[in-house]
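One structure is given below, encoded as structure tokens.
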């Protein structure tokens, strides 16, 4: 069996990454009533692939992209101990390759990239009711920190 290869994304991977993004949005819609109806995008993936402060990674198996993730170096709030942190997103693994350590390998590669930028704090957001995602992130060492709450107080 061939190993999963983790590599930097290129613009040639854009169509696959856009497809992954739509799968993420589809999975997250039930958790977020505030998402617009119809087609939306979370990311400007073409820009992210070429940006200096973002590393987009893909996982390949048998020359097919089976997973993705990115880390963006962001300035942290002035009251935090760390000046910068890596914010992770676009975390996706095709269903046939889940529970095989692909997500863990992507996160490890992103963690190494952040460390090369002298950034050691990693953060991500996950919906409170998305238990499979929470378990996957906890499995690689993430811990819950805060719950964001919302109130719909009337018409927009």
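Residue numbers (the numbering used here): 4 to 159.
All C-beta atoms in this analysis are idealised placements derived from N, C-alpha and C, irrespective of residue type, glycine included.
It should be emphasised that the depicted structure is a prediction, and the values quoted were computed from it without experimental measurement.
Straight-line measurement puts the Cα of residue 81 at about 32 Å from the Cα of residue 12. Under the criterion of beta carbons closer than 8 Å, residue 73 and residue 63 do not qualify as touching, at roughly 16 Å.
Rounded to the nearest whole angstrom, the C-alpha separation of residue 112 and residue 157 is 44 Å. In this structure, residue 145 places its C-beta atom within 8 Å of the C-beta atom of residue 127. Residue range 67–78 is occupied by the beta strand (DSSP E) that includes residue 68. Counting the other CB atoms within 10 Å of its CB gives residue 109 a total of 16 or more, which places it among the buried residues. In the DSSP assignment, residue 147 falls outside any beta strand (DSSP E), carrying neither H nor E. Of the candidates 23, 116, 100, 123, 123 places its Cα closest to the Cα of residue 84. Across the set 93, 77, 97, the C-alpha of 97 shows the shortest separation from the C-alpha of residue 67.
One alpha carbon belongs to residue 23, the other to residue 155, and they sit about 30 Å apart.
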